[in-house]
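Visitor: In UniProt numbering, the protein residues as written are 31 to 147.
A virtual CB, placed ideally from N, CA and C, is assigned to each residue, including glycine.
Being a predicted model, the structure only gives us computed values, none of them experimental.
What follows is a structure written as structure tokens; I'll ask about it next.
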Amino acid sequence: KIFLGINVTFVTRGNEKITVQGKVGESFLDVAVNNDVDLEGFGACEGTLSCSTCHIIFKPEDFRKLSSKPTDEELDMLDLAYGLTDTSRLGCQVNLTKEMDNIEVVVPEATSDARDI
Ligand code: FES
């Protein structure tokens, strides 16, 4: 059987590692949703770039390799994210590529839903 999945590990708030598989072109949010990854409040706006709950943190070496740069809209939303880092992105705005196989991303401690502000 040919294996076409991309392994993605979410490091959760409880420091638990959940490894699931996604496909090239899916966003990190899609991967979490499709695999029922239990991340409370994650992706509250369903990828419409209006919440920031899908905030994920990449390792610096992975972050540098991301092919897509954040749009102004994403940056605005990220500014509202709790625990913003230099290697933060919104999970609904970054899509999987083949090179990301076995990538690990951290889901920060808490989320802030911009819609509540
Ligand atoms: Fe709301 Fe990504 S899911 S901004």
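Is there at least one non-hydrogen atom of the ligand FES closer than 7 Å to the beta-carbon of Gly-113?
Guide: No, the Cβ of Gly-113 stays beyond 7 Å of every heavy atom of the ligand FES.
Visitor: Could you tell me whether the region 47-61 touches the region 96-109, using the rule of 3 or more Cβ pairs below 8 Å?
Guide: Segments in contact, no.
Visitor: Provide the residue(s) that pair with Gln-51 in DSSP beta bridges, ordered along the chain.
Guide: Beta-bridge pairing links Gln-51 to Asn-37.
Visitor: May I ask you to check if the CB of Glu-129 is nearer than 7 Å to at least one heavy atom of the ligand FES?
Guide: Incorrect: Glu-129 has no Cβ contact closer than 7 Å to the ligand FES.
Visitor: Kindly identify the DSSP beta-bridge partner or partners of residue 149.
Guide: The question about residue 149 has no answer here: the residues shown for the chain are numbered 31 through 147.
Visitor: Check whether the region 35-52 touches the region 89-100, counting contact only when three or more Cβ pairs, one atom from each stretch, lie closer than 8 Å.
Guide: No, the region 35-52 does not touch the region 89-100.
Visitor: Report the rounded CA-to-CA distance for Arg-145 versus Glu-91, giving the unit in angstroms.
Guide: Approximately 32 Å between the Cα atoms of the pair.
Visitor: To the nearest angstrom, how far is it from the Cα of Phe-88 to the Cα of Ile-133?
Guide: Rounded to the nearest angstrom, the two C-alpha atoms are 9 Å apart.
Visitor: Comparing alpha-carbon positions, which option in Asp-60, Ser-80, Asp-68 and Val-61 lies nearest Asn-45?
Guide: Comparing Cα-Cα distances from Asn-45 to each of Asp-60, Ser-80, Asp-68 and Val-61, the minimum goes to Asp-68.
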